[in-house]
Amino acid sequence: MADWLIFAEKHDQAQKIADTLFDKGKATGNFNKGGLGGQSISSVLSGEVRIVHFSGHIYEMMMPPKQDNKYSLVTEEKTNRFGLKYGGEQKNLTEIFDNYPIQLNPNNIKWKFSQDKFKSLSANMKQLYMNSENIIVSTDFDNEGEMIFRNWQLNNIKHPKWNSMYRAKMNSTTPKDIKYAFQHLIPYTQDNGVLKSMYAQGFARSMADYEYGLSFTFYGWMLARKNNSKRGQYGRLKNSLLGVVYNQELAHDNFKPSSNYRIDMILPNGDVLKGDEEYTFKTEEQAKNFIDDNKLSNEVHIDFEETEKVLSPPKLYSRNELLVALMKKHEKLLSKNDTWNTHLQTLYDQHSLLSYPRTDVQYISEEIYKTLQSLANTESVKNLLDTRIQSVIKSHDINNDLIFNANQPPKKKHVDPSKLEGESHFALVPTDKEPSNFNTLSKVEQAVYMEDLTRTMSIFCNNNITTQRAYYSEDNHFKATQTRTKQYGYKILLNNIKKDEGSFVDKGTYKVFYKVSEVKAKRPSLFTKVSLISMTKRVNWGTSATRDSTIEDLINKGSLVVKDNHLRINSDLKDTIQLLMDKGLIDFEMTSDWQTQLNKLSNYDQAIQFIESTRKDTKQVHRTFKDILS
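Below you can see the structure in the form of structure tokens.
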């Protein structure tokens with residue numbers, strides 16, 4: 059009997075755990091056949107240690123007809139005592155519709171392997187589980203990771219070993235983090251609420267999204283069948299994404315161009331002071347006539363108010379902010395079906411260069427700050443940062459006024475323990491592993507790492523300082539704002555250099571002339587992947603693990619179409635989406651409310667209450683579709 063059985067989430071993670079823990083001898087066996095490990099080969103865990111791993115979610119809920127035949131399009135097929143089969147006839151659709159919406163029994167959910175090959179993997183795990191004294195769960199420390207293990211345990215173990223079960227919490231896959239996690243295991247029996255909360259939120263989201271999403275999908279199928287139209291993709295988050303893109307497309311396409319005409323003041327050096335509303339007209343002719351009537355002085359006293367604007371280094375990246383930056387700056391590096399998530403996971407799982415990548419947090423602890431200070435002093439990081447700095451200085455032809463000081467005390471903008479309370483992870487930052495293998499990374503991986511590294515290392519840089527002048531005419535009707543950089547500071551490292559605006563003329567009386575400028579009404583912009591992902595976090599739709607993947611799924615399956623980097627709705631779906639919008643079946647507020655409630659769940663009982671409350675929304679959808687389909 060093994061003393062310790064460790065469950066990892068995937069192969070790379072399992073191998074790194076083995077490489078770190080098995081420091082006293084060589085491991086034997088196989089992850090998926092008896093487990094990798096051995097007797098007395100770890101200085102952290104005594105006795106025999108074995109490691110197995112999942113391949114992500116190896117179980118998934120069966121589709122509704124398999125959960126209960128009342129959701130099936132055909133009657134249940136049975137065999138009589140003579141061996142003859144009967145049943146399997148088509149049901150009346152009205153009869154099936156009346157059995158909806160889907161409501162599962164939380165205590166009797168039917169599961170299946172997501173792939174047949176996982177049967178033997180699961181059987182191996184079960185045998186090892188039954189023959190092990192202690193169980194350690196080291197899947198990703200989040201709702202998804204907890205659900206991967208819990209779903210397996212639910213389907214295989216009648217009597218879980220809660221009294222000898224532990225959780226390993228890793229923020230990265232570096233040897234330091236792995237060793238620390240296994241030296242500070244969290245007993246399931248002494249959980250401070252985090253483990254219960256992760257399971258409650260994961261379970262509640264899975265159940266509610268399954269019932270709502272697949273009920274809506276069935277109704278959508280019936281609607282498409284009735285109207286002979288294209289079937290869409292439906293679900294809580296998908297509906298809102300399709301709705302908001304559709305609304306924006308309508309606003310963009312239905313925009314009617316219009317212009318106003320503004321009188322601007324031109325200084326002798328060419329600087330422009332813009333006129334206010336009093337000098338803005340509906341037609342160009344009106345504006346020109348006003349100038350021709352000599353109602354404006356040709357000699358004007360110009361004054362200004364000067365302020366100094368100091369910007370400290372920006373907040374650290376969360377997943378969302380990093381994805382947005384990568385899409386804006388490096389999207390051309392990706393091949394057609396590639397995603398940034400693939401490379402984030404590779405840098406986390408395989409290379410151990412980035413911390414846990416599915417985080418919405420933008421703060422770190424003092425302990426992590428110290429590891430970043432050490433990382434900043436490594437030769438590899440110094441070389442990478444110096445190369446970046448020299449490149450920026452040369453390309454923009456500016457003086458290098460950047461001061462890099464890794465020994466400075468942390469700022470609350472970046473290190474704030476209060477912002478980490480109740481959070482499983484911290485900001486997405488480089489790990490303490492020196493990137494000595496940087497040149498062997500792929501071009502995309504290099505871009506991801508450098509984007510995160512420079513943003514993180516900017517916290518050790520001096521501020522950016524600009525001088526801003528607000529110019530105004532003596533009658534206060536003409537104004538301009540000009541900016542000049544006094545100190546580039548951290549913006550050199552981030553390659554965020556902007557040209558100075560205006561000539562910074564002195565106060566005084568100037569001979570001026572006037573011109574008419576057309577001010578066009580701004581057409582609403584279509585969404586891009588960048589702007590859509592940014593919006594989803596802002597309005598609290600989905601999680602860091604689901605936002606970008608759901609958008610990619612809508613694109614890959616043709617519900618959203620990318621044209622010239624902008625998102626549009628598949629033309630075959632527009633009538634359906636308009637109908638859903640008209641009937642209130644796409645509810646933006648509900649999507650936000652569900653996520654807000656999910657984030658607050660702390661135990662299983664609350665999860666059940668949440669599921670019951672969401673069923674009210676699903677029943678309302680059912681009633682609305684009944685009216686539509688009648």
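Residues 59 to 688 (the working numbering) are what the sequence shown spells out, left to right. Note that beta-carbon positions come from the ideal geometry of N, C-alpha and C, so glycine has one too.
Using a Cβ distance threshold of 8 Å, Glu437 and Val473 do not count as a contacting pair.
Fully contained in the stretch 187-222 are the following alpha helix (DSSP H) runs of length 4 or more, in chain order: 201-214. Note on geometry: alpha-carbon atoms of Asn157 and Asn661 lie some 30 Å from one another.
A distance below 8 Å separates the beta carbons of Ile523 and Gln545. Closest in alpha carbon position to Leu499, among Ser410, Glu559, Ile116 and Asp663, is Ser410.
Assigned with DSSP and collapsed to three states, Thr137 falls in strand. Secondary structure remark: continuous beta strand (DSSP E) runs of at least 3 residues inside the stretch 465-548, in chain order: 522-531 and 536-545. Remark: C-beta atoms of Ala66 and Ile669 do not approach each other more closely than 8 Å. In the DSSP assignment, Phe362 falls within the unbroken beta strand (DSSP E) covering Glu357 to Leu369. In this structure, Leu300 and Ile627 form a Cβ contact; the two beta carbons are roughly 7 Å apart against a cut-off of 8 Å. His69 is the residue among Thr397, Leu103 and His69 whose C-alpha sits nearest the C-alpha of Asn90. Exclusion of the five residues before and after Thr247 leaves Trp220 and Asn221 as the residues of its chain whose Cβ lies within less than 7 Å of its Cβ. Closest option to Trp62, judged by alpha-carbon separation, among Ser100, Lys82, Ser629 and Asn88: Ser100. Of the candidates Ser104, Lys440 and His401, Lys440 places its Cα closest to the Cα of Ser494. Between the alpha carbons of Asp459 and Gln526 lies a gap of roughly 19 Å. Taking 8 Å as the cut-off, the Cβ atoms of Ala262 and Leu659 count as close. Linking Leu331 to Ser531 through their CA atoms gives a straight-line distance of about 8 Å. When DSSP states are grouped into helix, strand and coil, Pro245 belongs to the strand group. Here the alpha carbon of Leu551 sits roughly 10 Å from the alpha carbon of Pro371.
Annotation note: the stretch 260-337 contains the following uninterrupted alpha helix (DSSP H) runs of length 4 or greater, listed N- to C-terminal: 294-311.
In the DSSP annotation of this structure, the continuous segment of the alpha helix (DSSP H) that includes Arg673 starts and ends at Tyr662 to Leu687. Residue burial annotation: Asn209 is buried, with at least 16 other C-beta atoms found within 10 angstroms of its C-beta. When the alpha-carbon of Gly566 is set against those of Ile360, Glu134, Val450 and Ala181, the nearest one is in Ile360.
If you check the CB distance, Val679 and Leu643 come in under 8 Å. Around the C-beta of Val570, 16 or more other C-beta atoms lie within 10 Å, and the residue is accordingly described as buried. Note on geometry: alpha-carbon atoms of Thr78 and Pro233 lie some 6 Å from one another. In the three-state reduction of the DSSP assignment, Arg626 falls in the strand class, which pools E and B. Under a 10 Å Cβ-count criterion, Gly251 is classified as exposed, with fewer than 16 other Cβ atoms of the shown protein chains found around its own Cβ. In this model, Ser376 and Ile324 are separated by some 45 Å (Cα to Cα). For the alpha helix (DSSP H) assignment, the uninterrupted runs of no fewer than 4 residues enclosed by the stretch 568-622 are, from N- to C-terminal side, 587-596 and 605-614. Contact between Asp510 and Leu478 is absent: CB atoms are separated by about 19 Å, not below the 8 Å threshold. Only residues of its own chain outside the window of five on either side were considered, and among them Leu374, Leu430, Val487 and Pro488 have a CB closer than 7 Å to the CB of Thr514, listed in chain order.
Here the C-alpha atom of Thr417 lies approximately 13 Å from the C-alpha atom of Met228. In chain order, Ala66, Phe89, Ile109 and His111 place their CB closer than 6 Å to the CB of Ala72, counting only its own chain and leaving out the 5 sequence neighbours on each side. Contact check for Asp606 and Leu381: beta-carbon distance about 6 Å, within the 8 Å limit, so the pair qualifies. Here His454 is exposed, its C-beta having fewer than 16 other C-beta atoms within 10 Å.
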